[in-house]
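Quick note on this note's numbering: the sequence shown kicks off at 8 and runs consecutively.
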Amino acid sequence: MLYESSNSLVPSALSRCSSLRVQRRLQPTHGTGLNKSTFDRLHDTAQKVLYRVSLYWQCHQLQERSFFIKRRQVPLCARCTGVLIGPVLFPLCLVRFSWTVLVILLVAFFADALTQFLGLRSSNNPLRFASGIGFSVGFLGVLYGAAKWLLNTTA
């Protein structure tokens, strides 16, 4: 206990209350400007949303294939996290990729997943994450290009 009362007449509940106040003051903010409880609430909300996404996508959520934030497992594996982040990054691509690059991104994703599934090699989380992002960017690029082509041919 951080607070010990020298007066035996002080109830133990009061000393615990003072102890909690001292503990709250000593909690670090980790340089974010947010207090710990606000960060924890945001983190808990993000965890709940990602968990629902993982149930919908039926992600395997294996520990060795997932990222950890503050010693808590992200509810999506690294590859699914990349697939989820890819659509956010797609509009940021200032250069529209050629069909060849988009197909290479898709093939790289399937090659990474298939060779790992068949046990030909072991993958790591950064590679899984990158192939997931590549898949999303490649898939959305093909979709965007196909939609653009259809609009030009029907107009």
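Glycine included, every Cβ here is placed at the ideal spot set by N, Cα and C.
Unbroken alpha helix (DSSP H) run spanning residue i, endpoints
i: Q123; result: W106 to F124
i: P133; result: N132 to T161
i: V102; result: It is not in any alpha helix (DSSP H) - V102 carries neither H nor E in the DSSP assignment.
Anticipated Cβ contact below 8 angstroms, residue i with residue j, distance rounded
i: F136; j: A85; result: 4 angstroms
i: S143; j: V102; result: Wrong, their Cβ atoms sit about 16 angstroms apart, outside the cutoff.
i: L109; j: G148; result: 4 angstroms
i: S73; j: V81; result: 5 angstroms
i: G141; j: L112; result: 4 angstroms
Three-state class that DSSP yields for residue i in the structure shown
i: S19; result: Its pLDDT being 42, under 50, S19 is placed unreliably in this model, and the coordinates cannot settle the point.
i: R72; result: helix
i: Q80; result: strand
i: Q65; result: coil
i: S44; result: helix
i: R128; result: coil
Straight-line Cα distance separating residue j from residue i
i: Q54; j: L83; result: 9 angstroms
i: N132; j: T161; result: 43 angstroms
i: A118; j: L49; result: 36 angstroms
i: C66; j: N159; result: 38 angstroms
i: V95; j: L127; result: 32 angstroms
Residue i versus the options, residue with shortest Cα-Cα distance
i: G93; options: S129, F116 and L127; result: F116
i: S105; options: Y63, A120, V56 and F146; result: F146
i: L134; options: L157, C87, C100 and F97; result: C87
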